[in-house]
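Quick notes on the structure that follows.
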Amino acid sequence: MAAPNDQRIAVPIDDPDADTEWNDILRKQGVIPEKPPSPTPMIEEAILEGRRLAHENRLEGKDLDELDELEDDEDEEFLEQYRKKRMAELSEFQQKAMHGSVYPLSKPDYQRDVTDASNNGPVLVNMTSSMGNNVESRVLSELWRQAAEEYGDIKFCEIRASQAIEGYPDRNCPTILVYKNGDIVKQVVTLATIGGVKTNMQKIDDILVEVGAVPDSDMRVVKRRRAAEDAEEDRLAGKSIKTGTVGRSRQDDDDSDWD
Numbered sequence: 001m002a003a004p005n006d007q008r009i010a011v012p013i014d015d016p017d018a019d020t021e022w023n024d025i026l027r028k029q030g031v032i033p034e035k036p037p038s039p040t041p042m043i044e045e046a047i048l049e050g051r052r053l054a055h056e057n058r059l060e061g062k063d064l065d066e067l068d069e070l071e072d073d074e075d076e077e078f079l080e081q082y083r084k085k086r087m088a089e090l091s092e093f094q095q096k097a098m099h100g101s102v103y104p105l106s107k108p109d110y111q112r113d114v115t116d117a118s119n120n121g122p123v124l125v126n127m128t129s130s131m132g133n134n135v136e137s138r139v140l141s142e143l144w145r146q147a148a149e150e151y152g153d154i155k156f157c158e159i160r161a162s163q164a165i166e167g168y169p170d171r172n173c174p175t176i177l178v179y180k181n182g183d184i185v186k187q188v189v190t191l192a193t194i195g196g197v198k199t200n201m202q203k204i205d206d207i208l209v210e211v212g213a214v215p216d217s218d219m220r221v222v223k224r225r226r227a228a229e230d231a232e233e234d235r236l237a238g239k240s241i242k243t244g245t246v247g248r249s250r251q252d253d254d255d256s257d258w259d
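If you're matching positions, the sequence shown starts at 1 in full-length UniProt numbering and goes up one per residue.
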């Protein structure tokens, strides 16, 4: 309630954000603040920019054979830029491919082959189960072999957990240890947090990206992600078609009841 001697006039304001002539007057007089700019143009600009980047990067993750298949659909000069980029990447991979297979470890050589070696680049260790009934260990060992072949520039090692650490519980196997610059920078105990027995190469890619072993833009990572996205789109499309067919069948059945 205004004081008895207060001569100010109370200004009615229903909605300070409304676009009205009255509100425009109040804004000019500084009674209410300026209306914040509409986010719509910024959203539209972000969408357009996203589409532009998606179009520019549409050939990311495609290998040389896939690029050759696009000769009739893409500008030759644009394709040639990506061909040169892919050839440079392949050349770099080949030069760095010092490994290419999983190194079996022994405890006496662990310091040299893992801790010290990690000063020259990331080293990933799979501490596997010594028991044949550990399904997750078998899954990871197979992925380890595939990863070692694909990422020949990264050192992948494997050792039985009981040999590495006396009394290490088998329920904690497999355990992934990632070393960089002589230290453990990441560990994953069992595959429970990354997919369990359904763990795939994408999860290994994610670990490599997370620890900085490969960039997020690595051709091998991008290609696998795109393949997974395409497979998911195909799955959803198939599901939609199936659902639509079922829906039509039910409708036809309902209509037939009125024949």
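Backbone N, C-alpha and C fix where the C-beta goes; we use that ideal spot for every residue, glycine too.
Legend entry - Any 3 or more C-beta pairs closer than 8 Å across the segment 184-192 and the segment 147-162: no
Inset, instruction - Pull up the distance between the alpha-carbon of Q202 and that of E158, whole angstroms please. - result: Taking the first residue of the sequence shown as position 1, residue 202 is located at position 202. Taking the first residue of the sequence shown as position 1, residue 158 is located at position 158. So the alpha carbons of these two residues sit roughly 20 Å apart.
Inset, instruction - Could you tell me whether the Cβ atoms of N133 and W144 are closer together than 8 Å? - result: Here residue 133 corresponds to residue number 133 of the sequence shown, with the count starting at 1. Here residue 144 corresponds to residue number 144 of the sequence shown, with the count starting at 1. Their beta carbons are not under 8 Å apart, which means N133 does not touch W144 by this criterion.
Legend entry - Closest Cα partner of D205 within the set Y110, A148, R112: For the purposes of this step, residue 205 is taken as residue 205 along the sequence shown, with counting starting at 1. Measuring from the Cα of D205, the nearest candidate turns out to be A148.
Legend entry - Beta-ladder partner(s) of V104, from DSSP: Locating residue 104 in the sequence shown gives position 104, counting from the first residue. First, the residue type needs correcting, since residue 104 is Pro and not Val in the sequence shown. Answer is E158.
Inset, instruction - Would you mind stating whether S141 and T128 have Cβ atoms separated by less than 8 Å? - result: As a working mapping, residue 141 is identified with position 141 in the sequence shown. As a working mapping, residue 128 is identified with position 128 in the sequence shown. Here S141 is near T128, since their CB atoms are less than 8 Å apart.
Legend entry - Sequence-distant residues of its chain with Cβ nearer than 6 Å to A161 (five each side left out): Locating residue 161 in the sequence shown gives position 161, where the first residue counts as 1. Result list for A161: M127, Y168, C173, in chain order.
Legend entry - Which listed residue (I241, T20, D170) has its alpha carbon closest to that of M131: Position 131 of the sequence shown, counting from 1, holds the residue named residue 131. Nearest C-alpha to M131: D170.
Inset, instruction - Report the rounded CA-to-CA distance for D24 versus I43, giving the unit in angstroms. - result: By one-based count along the sequence shown, residue 24 stands at place 24. By one-based count along the sequence shown, residue 43 stands at place 43. Those two C-alpha atoms are separated by around 25 Å.
Inset, instruction - Assign I47 to one of two classes, buried (16 or more other C-beta atoms within 10 Å of its C-beta) or exposed (fewer than that). - result: In the sequence shown, counting from the first residue as 1, residue 47 sits at position 47. So I47 ends up on the exposed side.
Legend entry - Range covered by the beta strand (DSSP E) that runs through K180: Looking up residue 180 in the sequence shown gives position 180. Secondary structure note for K180: its beta strand (DSSP E) is the uninterrupted segment 175-180.
Legend entry - Burial state of K239 (16 or more Cβ within 10 Å): In the sequence shown, counting from the first residue as 1, residue 239 sits at position 239. Classification of K239: exposed, given that the 10 Å Cβ count is below 16.
Inset, instruction - Return the chain-ordered list of same chain residues with a C-beta closer than 6 Å to the C-beta of D19, the five sequence neighbours on each side being excluded. - result: If you number the sequence shown from 1, residue 19 lands on position 19. None.
Inset, instruction - Mark V31 as exposed unless 16 or more other C-beta atoms lie within 10 angstroms of its C-beta, in which case mark it buried. - result: As a position in the sequence shown, residue 31 is number 31, starting the count at 1. Classification of V31: exposed, given that the 10 Å Cβ count is below 16.
Legend entry - Residue(s) in a DSSP beta bridge with Q187: What you label residue 187 is simply residue 187 of the sequence shown in a count that begins at 1. Answer by DSSP bridge pairing, in chain order: L177.
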